[in-house]
Amino acid sequence: MTARLIIQLAALLGGLGVAIGAFGAHGLRKMLEASGRFDTFETAVRYQFYHALALLAVGILLAFRPDLKTLSTTAWLWLGGVLIFSGSLYTLCFTGITKLGAVAPLGGLLLIAGWISLLLAARQV
Numbered sequence: 036m037t038a039r040l041i042i043q044l045a046a047l048l049g050g051l052g053v054a055i056g057a058f059g060a061h062g063l064r065k066m067l068e069a070s071g072r073f074d075t076f077e078t079a080v081r082y083q084f085y086h087a088l089a090l091l092a093v094g095i096l097l098a099f100r101p102d103l104k105t106l107s108t109t110a111w112l113w114l115g116g117v118l119i120f121s122g123s124l125y126t127l128c129f130t131g132i133t134k135l136g137a138v139a140p141l142g143g144l145l146l147i148a149g150w151i152s153l154l155l156a157a158r159q160v
């Protein structure tokens, strides 16, 4: 994955995080509170934002240090983690399918693996 693509994905995840978060806080708040899923929704948005910012940092670092190939792995892991973790929580909030809660930890493991990948990349800096 290139630095440009990572930065573009960070921008996309960040922008979607703003849109999804605002829609949830304003347009869907009553529905989310009634279903007891408002906190779950906020967790999904928060983790999406954290990793959008982290992806931005990785993209910038990779732009300056293209030799750090492990950063591409970090980006893939975080992207997959956000899609699975936050995606499963969003889907749970809107569908009420509680079995989706079992998928979120897989996304969490990918997020953790991404941080380990970043740790390994940092050894080369």
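With our numbering applied, the sequence shown covers 36 to 160. In this text, a Cβ means the ideal position worked out from N, Cα and C, and glycines have one as well.
Is the beta carbon of I41 closer than 7 Å to that of G94?
Within the sequence shown, numbered from 1, the residue matching residue 94 stands at position 59. Within the sequence shown, numbered from 1, the residue matching residue 41 stands at position 6. Less than 7 Å divides the Cβ of G94 from the Cβ of I41.
On the premise that G116 lies in contact with L154, defined as a C-beta separation below 8 Å, what is that separation, rounded to the nearest angstrom?
For the purposes of this step, residue 154 is identified with residue 119 of the sequence shown, where counting begins at 1. For the purposes of this step, residue 116 is identified with residue 81 of the sequence shown, where counting begins at 1. Incorrect: roughly 15 Å between the Cβ atoms, too far for contact.
Leaving out five residues on either side along the sequence, give the residues of the same chain with a beta carbon under 8 Å from the beta carbon of Y125.
As a position in the sequence shown, residue 125 is number 90, starting the count at 1. Correct list, in chain order: I55, F76 and A79.
How would you label T109, buried or exposed, when you count the other beta carbons within 10 angstroms and need 16 or more for buried?
Along the sequence shown, read from residue 1 onward, the residue named residue 109 stands at position 74. Residue environment for T109: buried (at least 16 other C-beta atoms within 10 angstroms of its C-beta).
Are the segment 82-90 and the segment 129-139 in contact at 8 Å, needing three or more beta carbon pairs?
Touching, no.
Starting from the C-beta of L103, find all residues in its chain whose C-beta is less than 8 Å away, skip the five residues before and the five after it, and write them out in chain order.
Reading the sequence shown from its first residue, position 68 is the one you call residue 103. Within its own chain, the residues whose Cβ lies closer than 8 Å to the Cβ of L103, once the five positions on either side in sequence are excluded, are L96, L97, A156, Q159 and V160, listed in chain order.
Would you call I147 buried or exposed, if buried means 16 or more other Cβ atoms sit within 10 Å of its Cβ?
Taking the first residue of the sequence shown as position 1, residue 147 is located at position 112. With fewer than 16 other Cβ atoms within 10 Å, it is exposed.
Could you give the C-beta distance for G149 and S123, rounded to a whole number, given that I count them as a contact under 8 Å?
The residue given as residue 149 occupies position 114 in the sequence shown. The residue given as residue 123 occupies position 88 in the sequence shown. Wrong, their Cβ atoms sit about 17 Å apart, outside the cutoff.
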